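Step one of this worksheet: look at the structure below.
Residue numbers (the working numbering), protein chains in the order written: chain V, 748 to 1194; chain X, 3 to 171.
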């Protein structure tokens, strides 16, 4: 009798447990209840915000001086990214005095030949901050000014809240701390915000001499004997004080992730001091250093998503020759990035999708500023500033495909963010949230 | 009229009356404690509702630890480095551990702290929170320090520096 009752209880409990497994929502570490409804088609995604206001004419259209200074010298100065012959004359974008020596290509096959280029994409803003916001939020930013967090959720928050990605699974590597760049790793949206932020470094500041002055000599504490009781006492102190806001700058890294980030910082300071940072072959501007650290972030964390922001081409406001050199170097940086992913990071090789999109274009007509070669400079404010392109490469991206043309725009800048969401499996949630710009669609749906 | 002014007896009496009236008011206040301990009044945490900027936090923590201000240029640079790190709680922790590695930082040993633990706790609350601990806080911290042999003054200071209350003023 007793045995029979026990058996019945067992069956009842087993049935309840099975029902629970079938119907109860999964509570994931991120705090969300359900798994994402989209299909993840890429293990890793890297987005490059390229690279501070780029004219179509000198980039995807490969016209060099032919469509800017009235000199008949076309050519491709971005041969890691685009296919096509380099200019034959008037070389100013390389290294050495006058920039006479072009930087050799890193990739044997251009990314254009390995992937797909949307050749005429419409930007949502003619400015850097607005453009970067449209890349991270997938929306226009008409009511948002500098020194403000994005109003709508960023891709980092969508991924973390709906995809269950951890904080160290999402990274934003910025070109610096100007132009409110550090504010772009999360929005001020009440349903998202800091708890779902991406991690951020502006490595040219963090790991610079001044960064080292304050951060490089960190004491190492024993995690159990020292740090654990220290955090316990801190928790007690925090419980006594009802903080008015959660604006403590914490972004939801777990304690384990925090220790990992601190270990990464320590390793970076050591590498910088020892001169062993994995630099691109040529490293003579800030973008190239930024990319070197971005590669180090990839090597260390192997994140699901990383966004890198390059910006040196903005010198075009007053120095067209400098702009050409920076454009050439931004291409070199992307070549280094892709090469390292494929050759030095086995966990990401063959499993990573790359997207490159300028946050904004640049004017059709020059301003009056002449540079050392007496070439005119370009600002960004007219309709030509809303003309950009997007390059994609990766395992699920068609190779050698070209979409759209100069007279046939296809795609929006905000599509880049939706494509990331698509690749990492949260597109349905992003669409359901309804906070992207009208018409924003994954580029994969436009192939 | 002249008679009134020149009357010495009357003047003497008037002076005596004035003296009698004023004299008790000059007596020192008696020290009556009614068997209660004296209490210094400091602002409580209820009044702390303004978040410190990174620059303010760095400046104050430097002063609290080193008992000396940080040079303005260093302060500016430290705030820039803070901005370059997304997780500010990590930035605070790493900066503090750098401070604690400085040879010119003079801290008590655990043994010295235990010699008069209550005084240390009061001094720490005053130093970091500009207030005295409540009795419950004092008791908890005392027991916590006694029961955790690894808790040095350095780690106690770190807990206080990283706490929420310390981010407000």
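Each residue gets a CB set at the ideal place from its N, CA and C atoms; glycine is no exception.
Values in this document were obtained by computation on a predicted structure and should not be read as measured data.
Open item on the list: So, for residue 916 of chain V: in the same chain, excluding its five sequence neighbours on each side, which residues have a beta-carbon less than 6 Å away from its beta-carbon?
Closed with: 1050 and 1051
TODO: Could you tell me if the beta carbon of residue 876 of chain V falls within a distance shorter than 7 Å of some heavy atom in the ligand ATP?
DONE: You won't find the ligand ATP in this model; it holds no ligand whatsoever.
Task: Buried or exposed (CB count within 10 angstroms, at least 16 for buried), residue 1073 of chain V - done: buried
- [ ] Let me know if residue 161 of chain X comes out buried or exposed under the rule of 16 or more other beta-carbons within 10 Å of its beta-carbon.
- [x] buried
Task: Coil, strand or helix - residue 794 of chain V by DSSP - done: strand
Task: Those runs of the alpha helix (DSSP H) which lie wholly inside the segment 978-1024 of chain V and span at least 4 residues - done: 1002-1021
- [ ] May I ask you to list the residues that DSSP assigns as paired with residue 1054 of chain V?
- [x] V/794 and V/919
Open item on the list: Within 8 Å, do at least three Cβ pairs link the segment 979-990 of chain V to the segment 919-935 of chain V?
Closed with: no
Open item on the list: If we define contact as Cβ-Cβ less than 8 Å, is residue 88 of chain X a contact residue for chain V?
Closed with: yes
Task: DSSP bridge partner residues for residue 170 of chain X (one or two, in chain order) - done: X/53
TODO: Counting only runs of 3+ residues fully inside the segment 1114-1155 of chain V, write out the beta strand (DSSP E) ranges in chain order.
DONE: 1134-1140 and 1148-1150
Task: As assigned by DSSP and simplified to three states, the class of residue 133 of chain X - done: coil
- [ ] Using a Cβ-Cβ cut-off of less than 9 Å, give me the residues of the segment 62-93 of chain X that come near chain B, in sequence order.
- [x] The chain inventory of the structure shown lacks chain B, comprising the protein chains V and X.
- [ ] Within 10 angstroms of the Cβ of residue 1060 of chain V, are there 16 or more other Cβ atoms? Answer buried if so, exposed if not.
- [x] buried
Open item on the list: Does the CB of residue 145 of chain X have a neighbour CB from chain V at under 8 Å?
Closed with: no
TODO: Tell me, please, which residues DSSP counts as bridged to residue 87 of chain X.
DONE: V/948
Task: Straight-line Cα distance separating residue 1177 of chain V from residue 1190 of chain V - done: 15 Å
- [ ] For residue 771 of chain V, name the three-state secondary structure that DSSP assigns.
- [x] Confidence at residue 771 of chain V is low in this model, with a pLDDT of 40, below 50, so its placement is unreliable and the value that follows should be read with caution. Correct three-state label for residue 771 of chain V: coil.
- [ ] Inspect the beta-carbon positions of residue 1156 of chain V and residue 795 of chain V and report whether they are closer than 8 Å.
- [x] no
TODO: Report the neighbours of residue 1008 of chain V on chain X: residues whose CB is nearer than 8 Å to its CB, in chain order.
DONE: 89 and 92
Open item on the list: I want to know whether the segment 1063-1079 of chain V touches the segment 795-814 of chain V - three or more CB-CB distances under 8 Å.
Closed with: yes
TODO: Report the three-state DSSP secondary structure of residue 1101 of chain V (helix, strand or coil).
DONE: strand
Open item on the list: I'd like to know if residue 134 of chain X contacts chain V, where contact means its C-beta is closer than 8 Å to some C-beta of that chain.
Closed with: no
TODO: Take residue 849 of chain V as the anchor and find which of V/1020, V/1118 and V/841 has the nearest alpha-carbon.
DONE: V/841
Task: Among X/145, X/124, X/98 and X/129, nearest to residue 136 of chain X - alpha-carbon criterion - done: X/124
Task: Beta carbon of residue 1164 of chain V nearer than 8 Å to that of residue 883 of chain V - done: yes
TODO: With distances taken Cα to Cα, identify the nearest neighbour of residue 913 of chain V among V/944, V/940 and V/898.
DONE: V/944
- [ ] May I have the straight-line CA-CA distance separating residue 1038 of chain V from residue 106 of chain X, to the nearest angstrom?
- [x] 37 Å
- [ ] Between the Cα of residue 1110 of chain V and those of V/815, V/808 and V/788, spot the shortest distance and give me the residue it belongs to.
- [x] V/815
Open item on the list: Just to confirm the assignment, what range does the alpha helix (DSSP H) spanning residue 1087 of chain V have?
Closed with: 1067-1091
- [ ] Using 10 angstroms around the beta-carbon of residue 90 of chain X, count the other beta-carbons present and answer buried if the total reaches 16, otherwise exposed.
- [x] buried
TODO: Verify the CB distance criterion: does residue 157 of chain X have a CB-CB separation below 8 Å to chain V?
DONE: yes
Open item on the list: Quick check: the Cα distance between residue 952 of chain V and residue 164 of chain X, rounded to an integer number of angstroms?
Closed with: 23 Å
- [ ] Starting from residue 977 of chain V, find everything on chain X with Cβ-Cβ shorter than 7 Å and list it in chain order.
- [x] 157, 160 and 161
Task: CB-CB length for residue 886 of chain V against residue 1104 of chain V, believed under 8 Å - done: At roughly 15 Å, the Cβ-Cβ gap does not stay under 8 Å, so residue 886 of chain V and residue 1104 of chain V are not in contact.
TODO: Report the three-state DSSP secondary structure of residue 19 of chain X (helix, strand or coil).
DONE: helix
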